[in-house]
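Structure record follows, encoded as structure tokens.
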Amino acid sequence: YRTLSDGTVEIVGYKGKRRYLTIPDELDGKTVSSIGSYAFYNCSGIISLATTENLTSIGNYAFYGNNSITKIVIPEVAWYIGKCSFASCSNLSSVYCKPIEPSEWPNDAFVGNAPGRKIYVPSESLEKYKEAIYWRYFADDIVGYDFETGKVVELNNNKIYYTATAKVTPRSSTHVFGANIVSNTYKN
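In our numbering, the protein residues as written are 40 to 227.
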């Protein structure tokens with residue numbers, strides 16, 4: 040990892056072989072706020088990734104080409120997802136995107152994912168996402184989701200219908216990594 044100018048850290052690489060990962064809240068007492076460009080590039084083996092709720096940015100090509108990952112959770116405070124950050128993740132079928140407001144992320148962040156991939160967004164923001172500049176490209180894949188109850192939400196005639204339960208929580212066997220983070224000694 041590297042220390043950023045604001046005192047938080049950015050993950051710059053990973054050498055481990057864990058299949059279920061949780062990005063930690065802190066490394067060496069510093070808040071993890073970013074996953075750097077190419078940090079997990081072609082790192083095939085990670086099936087599920089849960090991020091810290093402090094994560095604000097995911098760099099360009101951060102997970103590009105990870106053919107094992109099937110599910111990701113993007114925290115509410117994330118304001119940036121870089122170019123091709125999850126592109127060519129051919130088995131990525133579920134993206135849980137918690138931000139209430141859709142950001143203007145590049146429209147290639149989720150290309151080349153699994154057929155039928157769904158992007159779950161807060162139910163109260165469903166229409167905002169479907170109409171937002173970048174997001175409208177994926178409008179047919181965007182589904183309303185209640186992150187409190189873990190239920191998919193459908194809106195029909197302005198009535199809310201809960202259709203499934205799939206609460207997003209890390210698996211009990213999820214491993215928080217730390218020892219396998221690539222560490223750099225430079226500061227930004």
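Beta carbons are placed, not taken as given, at the ideal position from N, Cα and C, and that holds for glycine. Remember, predicted model here, so these are calculated numbers, not experimental data.
Would you tell me roughly how many angstroms separate the C-alpha atoms of residue i and residue j, rounded to the nearest one?
i            : j              : result
proline 161  : lysine 190     : 10 Å
valine 112   : valine 182     : 14 Å
serine 83    : tyrosine 59    : 12 Å
leucine 165  : tyrosine 103   : 26 Å
tyrosine 184 : aspartate 147  : 23 Å
lysine 169   : serine 133     : 17 Å
tyrosine 40  : isoleucine 172 : 33 Å
glycine 52   : tryptophan 118 : 21 Å
If distances are taken between C-alpha atoms only, which option among the options comes closest to residue i?
i                 : options                           : result
phenylalanine 149 : Phe79, Pro141 and Leu131          : Leu131
threonine 95      : Leu165, Trp174, Tyr159 and Leu43  : Leu43
glycine 121       : Phe177, Glu170 and Ala101         : Ala101
proline 114       : Phe186, Arg41, Val192 and Tyr40   : Phe186
phenylalanine 177 : Glu163, Thr109 and Asn152         : Asn152
phenylalanine 125 : Thr109, Glu163 and Ile139         : Thr109
asparagine 81     : Cys123, Glu143, Trp174 and Thr188 : Cys123
proline 138       : Trp174, Pro154 and Gly155         : Trp174
arginine 57       : Ser87, Asp180, Leu66 and Glu49    : Ser87
glutamate 143     : Ser76, Lys69 and Lys167           : Lys167
alanine 78        : Asp45, Asp179 and Glu49           : Glu49
Report yes if the CB atom of residue i is closer than 8 Å to the CB atom of residue j, and no otherwise.
i              : j              : result
asparagine 106 : isoleucine 85  : no
serine 72      : threonine 90   : no
cysteine 136   : isoleucine 158 : yes
glycine 98     : isoleucine 74  : yes
aspartate 179  : arginine 156   : no
threonine 61   : asparagine 93  : no
According to DSSP, is residue i part of a helix, a strand, or is it coil?
i             : result
lysine 122    : coil
lysine 167    : helix
alanine 148   : coil
valine 215    : Per-residue confidence for valine 215 stands at a pLDDT of 38, beneath the threshold of 50, marking its modelled position as unreliable; no derived number is given.
threonine 204 : Only weak support is given to the placement of threonine 204: the predicted model assigns it a pLDDT of 43, under 50, and the value that follows is read from those uncertain coordinates. In the structure shown, threonine 204 sits in a strand (DSSP, three-state: E or B).
alanine 101   : coil
glycine 55    : coil
alanine 178   : helix
leucine 60    : strand
alanine 89    : strand
cysteine 128  : coil
DSSP puts residue i in a beta bridge; with which residues?
i            : result
tyrosine 183 : Before going on, a small fix: residue 183 reads as glycine here, not tyrosine. Partner(s): Val160 and Val192.
alanine 117  : None, per the DSSP bridge assignment.
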